[in-house]
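Take the sequence shown: its position 42, counted from the start at 1, is 98 in our numbering, and no numbers get skipped.
Before any comments, here is the structure.
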Amino acid sequence: NYAWTFGGILSIMLVAQILTGIVLAMHYTADTNLAFGSVEKIMRDVNSGWLLRYMHSNGASFFFVAV
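The structure is reproduced here in structure tokens:
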């Protein structure tokens, strides 16, 4: 059944969004002068930070497509 399949996909993507969002929020600085630097830090210095950021962005896109 497609409803159950897409419901399962959406559930997995929602959990992934929540988890990666929490981890990314731990490293992000919400200041206009420091925000770009914190994204650079996530991409370069955080272990697997690039993977977390791309999982979060692609997960959001996939969630939108599945809805």
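Ideal Cβ positions, reconstructed from N, Cα and C, are used throughout, including at glycine.
Following the DSSP letters along the chain, one finds residue 76 inside the alpha helix (DSSP H) bounded by residues 58–83. Counting C-beta pairs with one atom in each stretch, the segment 68–87 and the segment 105–115 have three or more that are closer than 8 Å, which means they touch. In the DSSP annotation of this structure, residue 90 is not part of any alpha helix (DSSP H), being labelled neither H nor E.
Around the CB of residue 64, fewer than 16 other CB atoms lie within 10 Å, so the residue is classed as exposed. According to the DSSP assignment, residue 116 belongs to the alpha helix (DSSP H) that extends over 105–122.
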